[in-house]
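In the working numbering, the protein residues as written are 3 to 417.
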């Protein structure tokens, strides 16, 4: 058996966590000063890691990444700073041949390793799948994923192009079909940027049902109150009886609606079983640039959605690319932004980048109970709040009970 000794949980308990090495799940969580129920002792365990009182938390999750774009901020500048500026900059760079297969693999590996060492053991990434790109970026991310095989649970979403309905859509539809054949896990897209959002959503649901695939759509990434395709998505999911998992990412315009509209839409989203992923880093950067007074924060209606019973997770979205020029590949940064910009308390904010994100991805949560996955991050911090505030880099990352990454922060003051 594997034992993580002298761990401190976020509720202050000092515990020893025993892990079943056969399936990588928690066998027991006992007070550090107690004896194991079977009469054995930790000293007799096959493998013991003494965490020395470090804070032990559920491993973090990145529920919305763009690994094919990560770490390109210097190669693909976005002088405009807004969403369409980023989209145009990306397409221009692709036309100029700046985005080679080899560099995409290299950058994706680097981005995955950065996430892992910060404490992430599950990632969902959107990957451009268009008539021009085809499945090249999908293949590149698949190659990159082999560098972290067995270390990170990775889900890939086909981010489709324009148009996906009507004239000119055939080549984009063929690209999506090729991506599904290549092994992407989910169907994505951007309904509110299509000429016919309603038809696009209908097409996505039909194709997802045929392919037995889950859905994660970029939804209403705009402050325009007249745009509310989230409601249409909820109604179509409910009316068609679609029974696979559906996530709506961004949902920015919902945060601009009246309280009455927010509550009504949130109820429909909850009834449809749709989860929502809010993305503070990228949307704080991209949204609200034309509002010189009372600039909106660019987040969805988090509290209203939660009050309605919607599962709400938080992710970073882009990292150091034209859509977000900064970012540390550390969900503690996302959680801290949910505290500051989203008015969440630390426990709730951390849940949004850990267990809530796991549930959105269809993964079992880590509640430190027997049978839970042994996916943890140990951090040298006195409390969860302090970990989010200071983001110390002394960390140990466990996946299925095995140590898969570590970092040690050293500081020195010379007087």
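Built from N, CA and C at the ideal position, the CB exists for glycine as well.
From this set, the options, which residue's C-alpha is nearest residue i's C-alpha?
| i | options | result |
| --- | --- | --- |
| residue 10 | 58, 403, 106 | 58 |
| residue 218 | 118, 415, 386, 67 | 67 |
| residue 423 | 216, 247, 243, 191 | Only positions 3 to 417 of the chain appear in this structure, which leaves residue 423 out of reach. |
| residue 315 | 16, 305, 140 | 305 |
| residue 34 | 48, 52, 23, 24 | 52 |
| residue 257 | 199, 299, 330, 182 | 299 |
| residue 241 | 274, 249, 357, 263 | 274 |
| residue 332 | 283, 294, 295, 371 | 283 |
| residue 136 | 100, 267, 184, 61 | 184 |
| residue 72 | 329, 310, 231 | 329 |
| residue 153 | 116, 74, 55 | 116 |
| residue 124 | 60, 345, 388 | 60 |
| residue 211 | 70, 244, 230, 193 | 244 |
| residue 151 | 195, 118, 165 | 118 |
| residue 186 | 78, 387, 77, 128 | 128 |
| residue 369 | 62, 292, 326, 195 | 62 |
| residue 64 | 105, 337, 13 | 337 |
| residue 321 | 16, 232, 294, 76 | 76 |
| residue 230 | 260, 412, 131, 78 | 260 |
Heavy atom of the ligand HEM less than 6 Å from the Cβ of residue i, yes or no?
| i | result |
| --- | --- |
| residue 103 | The ligand HEM is absent from the structure shown, which contains no ligands of any kind. |
Apart from the five residues on each side of it in sequence, which residues of its chain come closer than 6 Å, Cβ to Cβ, to residue i?
| i | result |
| --- | --- |
| residue 26 | 376, 402, 403 |
| residue 149 | 111 |
| residue 216 | 188, 246, 247 |
| residue 335 | none |
| residue 373 | 27 |
| residue 399 | 121, 379, 406, 407 |
| residue 297 | 290 |
| residue 43 | Because residue 43 sits at a pLDDT of 49, beneath the cut-off of 50, its placement in the model cannot be relied upon, and the following sentence gives the value as read from the coordinates. Taken in chain order, the list of residues that qualify is empty. |
| residue 326 | 283, 284, 287, 320 |
| residue 32 | 18 |
| residue 69 | 110, 113, 127, 143 |
| residue 415 | none |
| residue 74 | 323 |
Who are the Cβ neighbours of residue i in its own chain at under 7 Å, not counting the five residues just before and after it?
| i | result |
| --- | --- |
| residue 133 | 163, 173, 174, 177 |
| residue 80 | 87, 88, 91, 324 |
| residue 145 | 107 |
| residue 232 | 221, 222, 250, 253, 256, 267, 271 |
| residue 412 | none |
Give me the DSSP bridge partner(s) of residue i.
| i | result |
| --- | --- |
| residue 10 | 16, 57 |
| residue 128 | 159 |
| residue 52 | 7 |
| residue 22 | 27 |
| residue 375 | 27 |
| residue 189 | 160, 217 |
| residue 404 | 401 |
| residue 381 | 57, 397 |
| residue 78 | Note: residue 78 sits in no beta bridge, so no partner. |
Between residue i and the rest of its own chain, which residues show a CB-CB distance below 8 Å, the 5 nearest in sequence each way excluded?
| i | result |
| --- | --- |
| residue 341 | 347, 348, 351, 390 |
| residue 254 | 222, 223, 224, 225, 285, 289, 300, 301, 302 |
| residue 141 | 103, 184 |
| residue 48 | 3, 4, 23 |
| residue 313 | 277, 278, 358, 361, 362 |
| residue 397 | 119, 120, 121, 379, 380, 381, 382, 407, 408, 409 |
Does chain B have any CB closer than 7 Å to the CB of residue i?
| i | result |
| --- | --- |
| residue 89 | In summary, chain B is missing from the structure at hand, where a single protein chain is found. |
Taking the runs of the alpha helix (DSSP H) that are 4 residues or longer, which of them lie wholly in the stretch 305 to 367?
-> 333 to 342, 348 to 354, 357 to 362
Mind listing, in chain order, the continuous alpha helix (DSSP H) runs of no fewer than 4 residues lying wholly within the stretch 96 to 124?
-> 103 to 120
Taking only runs of the alpha helix (DSSP H) that begin and end inside the stretch 199 to 282, which ones reach a length of at least 4 residues, in chain order?
-> 199 to 213, 231 to 242, 261 to 274
Mind listing, in chain order, the continuous beta strand (DSSP E) runs of no fewer than 3 residues lying wholly within the stretch 142 to 184?
-> 155 to 162
Taking one C-beta from the stretch 142 to 159 and one from the stretch 381 to 396 each time, how about it: are there three or more such pairs within less than 8 Å?
-> no
For the stretch 258 to 273 and the stretch 232 to 239, state whether three or more C-beta atom pairs, one from each stretch, are separated by less than 8 Å.
-> yes
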